[in-house]
Amino acid sequence: MNLLLFLFIAVLGLCAYFWKRHKLSEEEKELIKEFSWLLQASIQDLPGMLRMIAEEIRERLGFKTVMIGLLDEKKRWLERIEAVGITGTSFEDLKRYRIPIQELEERMKEADKIGNVFMPDDDTIIVPIAGKEEILGVLEGTSPDGKVMSMGKRIRLLNLLLPLIAKAIENAKMVEEEKHTLEKVGVVYEVASMIGRIMRTDILLPQVVEAIRSRLNYLNVAILLPERGRLRIKVHAGYPDIDMKKAEKEIGPERGVTYMVYKTGEPMLVPDVRKEPLYVGNRSIGKSEIAVPIKSKGKVIGVLDVEKFG
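Residue numbers (my numbering): 10 to 319.
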């Protein structure tokens with residue numbers, strides 16, 4: 010199933026879950042439905058989605074300013090990404106300061122918690138954006154306007170919208186990762202096609218392999234060619250921790266990502282070699298692997314294999 014279609018169905022399911030679990034007014038149902046459509050429409054543009062969330066929350070819930078920050082990959086600090094109601098210069102100054110996670114936790118005290126929302130003072134509302142397994146970021150609104158709605162209603166709506174926002178951000182990150190993966194496979198495939206056109210010039214292959222490794226920032230690169238019913242490592246760059254002759258012997262019908270690619274003629278992406286039974290090599294280090302067939306006149310004549318940390 011197409012990833013975007015799958016995520017769209019998942020969001021609709023989440024809306025249905027809300028309607029069953031919570032006793033929602035018609036106004037609340039309409040808000041959740043409209044918000045869901047807006048989130049889904051912007052799923053392929055994470056920065057644009059965050060901007061839209063900040064604008065909609067500010068307008069619909071009556072805040073003077075709204076800021077959204079996301080935690081970095083190692084969960085060390087919060088990086089402010091989007092803001093509305095703040096002048097460009099002021100926000101750029103705020104973005105320069107990344108909030109340490111300890112400081113963020115100090116601002117979200119249990120005594121100030123209402124549902125999933127924190128109110129450290131009467132002028133500020135802090136909303137952790139919690140994903141399925143971890144905190145993704147924080148939404149912060151200031152100077153709530155009592156004329157737009159009561160504080161109780163505002164907090165209820167934030168609590169209702171929060172899971173939708175978190176799910177949408179997770180989905181947008183998945184889409185970004187898929188795009189990045191397809192781009193990586195596309196680049197390697199393009200290089201493999203070029204190699205197929207110059208295979209007769211063996212003298213160029215070592216330079217090609219080294220160029221791929223250095224220019225595309227891969228850890229290991231190898232070109233494997235068939236010989237007497239097996240795949241042989243014709244040229245390689247990197248692999249400081251592998252006995253190449255031993256690895257070559259292990260590649261065969263039952264083992265080897267490259268052999269599978271050679272036989273099927275289809276590229277193969279391995280996000281973590283430690284979890285791939287076919288992988289031949291050092292499993293003590295977390296690496297990803299991309300293997301693509303080298304073709305000439307529609308026939309598979311070899312395999313280009315690249316590895317990278319992470």
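A virtual CB, placed ideally from N, CA and C, is assigned to each residue, including glycine.
CB contact flag (residue i, residue j, <8 Å)
i: Ile134; j: Arg116; result: no
i: Asn125; j: Leu171; result: yes
i: Lys317; j: Lys284; result: no
i: Pro153; j: Arg163; result: yes
i: Leu48; j: Glu185; result: no
i: Leu1; j: Ile77; result: The displayed coordinates of the chain run from 10 to 319. Any statement about residue 1 would go beyond what the structure contains.
i: Gly265; j: Leu287; result: yes
i: Ala246; j: Arg224; result: no
i: Ala139; j: Ala181; result: no
i: Leu173; j: Ser45; result: yes
i: Lys243; j: Leu214; result: yes
Presumed contact (8 Å Cβ cut-off) between residue i and residue j, rounded CB distance
i: Glu88; j: Leu79; result: 6 Å
i: Gly311; j: Leu234; result: 4 Å
i: Met158; j: Gly71; result: 6 Å
i: Arg241; j: Glu219; result: That belief does not hold up - the Cβ atoms of Arg241 and Glu219 are roughly 19 Å apart, past 8 Å.
Contacts around residue i, its chain only, beta-carbon distance under 7 Å, and the 5 residues preceding and following it disregarded
i: Trp323; result: The first residue shown for the chain is 10 and the last is 319, placing residue 323 beyond what the model contains.
i: Arg237; result: none
i: Asp281; result: Gly295 and Ser297
i: Lys84; result: Ile110
i: Leu228; result: Gly247, Lys296, Glu316, Lys317 and Phe318
i: Val279; result: Val266, Glu285, Tyr288, Ser297 and Glu298
i: Asp132; result: Thr151 and Ser152
Neighbourhood of residue i by C-beta distance below 6 Å, restricted to the same chain and skipping five residues each side
i: Asp314; result: Ala231, Thr267 and Ala300
i: Val75; result: Ala63, Ile66, Arg67, Val93 and Gly150
i: Ser99; result: none
i: Met128; result: Asp121 and Ile134
i: Arg69; result: none
i: Leu113; result: Leu87
Burial state of residue i (16 or more Cβ within 10 Å)
i: Ile178; result: buried
i: Pro302; result: buried
i: Ile294; result: exposed
i: Glu9; result: Residue 9 falls outside the range modelled here, since the chain spans only 10 to 319, and no answer is possible.
i: Val217; result: buried
i: Met160; result: exposed
i: Glu91; result: buried
The ligand GDP heavy atom lying under 7 Å from the CB of residue i
i: Ile232; result: Ligands are entirely absent from the displayed structure, and the ligand GDP is therefore not among its contents.
Same chain, Cβ closer than 8 Å to residue i, neighbours up to 5 away in sequence not counted
i: Thr210; result: Because the pLDDT of Thr210 is 48, which lies under 50, any placement of that residue in the model is unreliable, and the question is left without a value.
i: Lys308; result: none
i: Leu145; result: Leu79, Leu80, Ile138, Ala139, Ala175, Ile178 and Glu179
i: Glu275; result: Pro302
i: Ile95; result: Thr74, Met76 and Leu103
Proximity test, Cβ basis, 8 Å: residue i and chain C
i: Phe72; result: Within the model displayed, chain C is absent; a lone protein chain is all it includes.
Note down, one range per segment and in chain order, each alpha helix (DSSP H) of at least 4 residues found wholly within the region 114-194.
-> none
Runs of alpha helix (DSSP H) lying entirely within the region 60-113, each at least 4 residues, in chain order | 97-105
Could you name each continuous alpha helix (DSSP H) segment of 4 residues or more that falls completely within the region 234-311, going from the start of the chain to the end?
-> 253-259 and 266-273
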